[in-house]
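Enquirer: Can you read through this structure? Questions will come right after.
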Amino acid sequence: MNKDLREIRYLERLCLEQAELSSLDLTRIGLLKVAEDCRAAADAMEASLPRLGPVAGAIQALRLSVGRA
Numbered sequence: 154m155n156k157d158l159r160e161i162r163y164l165e166r167l168c169l170e171q172a173e174l175s176s177l178d179l180t181r182i183g184l185l186k187v188a189e190d191c192r193a194a195a196d197a198m199e200a201s202l203p204r205l206g207p208v209a210g211a212i213q214a215l216r217l218s219v220g221r222a
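No gaps in the numbering here: position 1 of the sequence shown is 154 in my numbering, and each next residue is one more.
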């Protein structure tokens with residue numbers, strides 16, 4: 154599941170970056186909606202992960218942020 158979570162977060166960031174570069178309003182709006190959907194899906198996945206202690210949770214968050222899980 155961590156790989157899926159990383160891929161969804163990556164897609165969210167990619168859509169946000171492309172939306173910033175887009176010169177067409179319709180394209181920008183579509184990319185922002187996809188990014189919003191990715192964020193919601195990732196948040197739901199994170200909520201379903203087993204709860205860890207504060208130190209273990211911090212380590213897990215650090216691993217996700219650098220791309221290792």
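Note that beta-carbon positions come from the ideal geometry of N, C-alpha and C, so glycine has one too.
Here's the rule I'm using: 16 or more other beta-carbon atoms within 10 Å means buried, otherwise exposed. How should Glu170 be labelled?
Expert: Classification of Glu170: exposed, given that the 10 Å Cβ count is below 16.
Enquirer: When DSSP labels each residue in this structure, what does Pro207 get in the three-state scheme?
Expert: Here Pro207 sits in helix by DSSP.
Enquirer: Short check: CB of Ala211 to CB of Ile161, under 8 Å?
Expert: Result no, Cβ atoms of Ala211 and Ile161 do not sit closer than 8 Å.
Enquirer: Residues in the same chain with beta-carbon distance under 6 Å from Ser175, minus the five sequence neighbours each way, listed in chain order, please.
Expert: Closer than 6 Å at the Cβ level, and outside the excluded window around Ser175, lie Arg181.
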